[in-house]
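**Q** Quick one: this structure, given as structure tokens, is what I'll be asking you about.
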Amino acid sequence: MRKQLIKVSLILAAAALTAFGADNTVGTWKLNVAKSKYTPAPMPVKSLTTTREASEGGIKVTNTGEQADGTPINASYTAKYDGTEVKVTGNAPYDTIALKQVNANTLTDERKKTGGSYKATGRTVISNGGKTMTTTAKGTNADGKAFTSTFVFDKQ
1 MRKQLIKVSL
11 ILAAAALTAF
21 GADNTVGTWK
31 LNVAKSKYTP
41 APMPVKSLTT
51 TREASEGGIK
61 VTNTGEQADG
71 TPINASYTAK
81 YDGTEVKVTG
91 NAPYDTIALK
101 QVNANTLTDE
111 RKKTGGSYKA
121 TGRTVISNGG
131 KTMTTTAKGT
141 NADGKAFTST
151 FVFDKQ
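Sequential numbering from 1 applies to the sequence shown in the working numbering.
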């Protein structure tokens with residue numbers, strides 16, 4: 001009986017670790033501009049595709065698309081979910097990001113531009129069906145003005 005109890009306990013512990021380690025943000029996501037919002041207007045992004053790949057203890061993210069003024073977007077980073085700042089390469093409005101995983105469907109982040117005005121906190125949530133990813137953010141843009149955004153992505 002004791003051996004069975006130990007086995008069951010180990011199986012449950014392993015299942016809990018596996019479930020927490022899951023990341024339902026992995027995949028390719030396309031911005032749904034019609035459902036997204038940015039205040040103050042106008043929306044700074046014309047198109048955006050985010051590719052999220054599992055990486056040891058975290059995620060590798062590649063963003064491609066086009067800003068509203070026609071400037072290409074091409075930025076990437078690899079981060080663990082431990083809240084440690086990592087460098088963002090490419091042309092994002094921020095050059096560091098720190099991520100924390102709340103659960104398999106929810107992440108939080110802090111982004112900033114070193115030596116600049118841009119600073120924001122964000123929350124990414126995957127819908128129960130796994131087909132929609134919503135990222136909300138609040139902070140100060142590169143011009144030093146407050147902003148809020150809700151970007152809605154559809155899984156590809």
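Ideal placement from N, C-alpha and C gives every residue a C-beta, glycine not left out. Note that the structure is a prediction, hence the values are computed from the model and not measured.
(1) Between which two residues does the beta strand (DSSP E) carrying Gln-101 extend?
(2) Less than 8 Å separating the beta-carbons of Leu-99 and Ala-79?
(3) Tell me where the beta strand (DSSP E) around Ala-133 begins and ends.
(4) Going straight from the alpha carbon of Phe-151 to that of Ile-97, what length do you get?
(5) Okay, do the region 39-46 and the region 75-90 touch, 3+ Cβ pairs below 8 Å being the bar?
(6) At the level of alpha carbons, what is the spacing between Tyr-94 and Asn-63?
(7) Taking the runs of the alpha helix (DSSP H) that are 4 residues or longer, which of them lie wholly in the region 41-105?
(8) To the nearest angstrom, report how far apart Gln-67 and Asn-91 are at their CA atoms.
(9) Under three-state DSSP, which class holds Val-152?
(10) Pull up the distance between the alpha-carbon of Arg-111 and that of Tyr-38, whole angstroms please.
(11) Using a 10 Å radius around the Cβ and a threshold of 16 neighbouring Cβ atoms, would you call Gly-139 buried or exposed?
**A** Quick look at the numbers:
(1) In the sequence shown, the residue the question calls residue 101 occupies position 101. Unbroken beta strand (DSSP E) run through Gln-101: 96-103.
(2) As a first step, residue 99 must be located in the sequence shown, where it is residue number 99. As a first step, residue 79 must be located in the sequence shown, where it is residue number 79. Yes, the Cβ-Cβ distance between Leu-99 and Ala-79 is below 8 Å.
(3) Taking the first residue of the sequence shown as 1, we reach residue 133 at position 133. The amino acid at residue 133 is misidentified as Ala; the sequence shows Met. Segment 132-140, the beta strand (DSSP E) holding Met-133.
(4) Mapped onto the sequence shown, residue 151 falls at position 151. Mapped onto the sequence shown, residue 97 falls at position 97. Distance between the alpha carbons of Phe-151 and Ile-97: 17 Å.
(5) The region 39-46 vs the region 75-90: no contact.
(6) Counting from 1 along the sequence shown, the entry for residue 94 is found at position 94. Counting from 1 along the sequence shown, the entry for residue 63 is found at position 63. Whole-angstrom Cα-Cα distance: 13 Å.
(7) With a minimum length of 4 residues, no continuous alpha helix (DSSP H) run stays inside the region 41-105.
(8) In the sequence shown, residue 67 corresponds to position 67, counting from 1. In the sequence shown, residue 91 corresponds to position 91, counting from 1. One C-alpha to the other measures close to 10 Å.
(9) Looking up residue 152 in the sequence shown gives position 152. Per DSSP, reduced to three states, the secondary structure at Val-152 is strand.
(10) Here residue 111 is taken as the residue at index 111 of the sequence shown, counted from 1. Here residue 38 is taken as the residue at index 38 of the sequence shown, counted from 1. A direct Cα-to-Cα measurement between Arg-111 and Tyr-38 gives close to 17 Å.
(11) Position 139 of the sequence shown, counted from the first residue, corresponds to residue 139. For Gly-139, the number of other beta carbons within 10 angstroms of its own is at least 16, and it is reported as buried.
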